[in-house]
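A.B. asks:
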Amino acid sequence: MKRIIVDIVSNLDAIPNLQDLLPLEFAASLALKEKGVLENLFTKEDRMGAVLIFQDLELEQAKDAVSKLPLFDYFEKVEYFEVSKHF
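This is the structure we're talking about:
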């Protein structure tokens, strides 16, 4: 089963109005989860980003979904990895 892992680097402590943007970010992520395309969302313990795992999407669709997240403009680096899930 194909998955797309998205590794996002972003210093959350440097984002202005983070407390206003976080509820919007989680709502957008929850909508992707409810749609069935976002399998997992992990936040990094050092508050320097997140890791998302998408399923049932092509790479370009995952890139499009990430670009629409409310915090996207504050992402310092985004890497995409296409992987196959075996178990």
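Under the working numbering, think of the first position of the sequence shown as 8, with each following residue one higher. Glycine is no exception: its CB is placed at the ideal position from the N, C-alpha and C atoms.
Please state the DSSP three-state secondary structure of Glu67.
C.D. replies: Helix at Glu67.
A.B. asks: Going by C-alpha to C-alpha distance, which of Asp63, Glu67, Leu59 sits closest to Asp14?
C.D. replies: Of the listed residues, the one whose Cα sits closest to Asp14 is Leu59.
A.B. asks: Between Met55 and the rest of its own chain, which residues show a CB-CB distance below 8 Å, the 5 nearest in sequence each way excluded?
C.D. replies: The answer, listed in chain order, is Val16, Ser17, Asn18, Leu19.
A.B. asks: Label Leu31 either buried or exposed according to how many other C-beta atoms from any shown protein chain fall within 10 Å of its C-beta, with 16 as the threshold for buried.
C.D. replies: Answer is exposed; the Cβ neighbour count stays below 16.
A.B. asks: Just confirm the distance between the C-beta atoms of Met8 and Ser91, as a whole number of angstroms; I'd bet it's less than 8 Å.
C.D. replies: 7 Å between Cβ atoms; contact.
A.B. asks: Starting from the C-beta of Glu46, find all residues in its chain whose C-beta is less than 6 Å away, skip the five residues before and the five after it, and write them out in chain order.
C.D. replies: Excluding sequence neighbours, Glu46 sits near Ile60, Gln62.
A.B. asks: Can you name, in chain order, every residue of its own chain whose Cβ lies under 6 Å from the Cβ of Val44, other than the five neighbours on each side?
C.D. replies: If we look at Val44 and ignore the five residues flanking it on each side, its Cβ neighbours are Phe61, Asp63, Leu64.
A.B. asks: Looking at Ile11: is its Cβ nearer than 8 Å to the Cβ of Leu66?
C.D. replies: For Ile11 and Leu66, yes; Cβs fall inside 8 Å.
A.B. asks: Cα-Cα, which of Phe49, Thr50, Tyr81 is closest to Asn24?
C.D. replies: Taking only the C-alpha atoms, the option nearest Asn24 is Tyr81.
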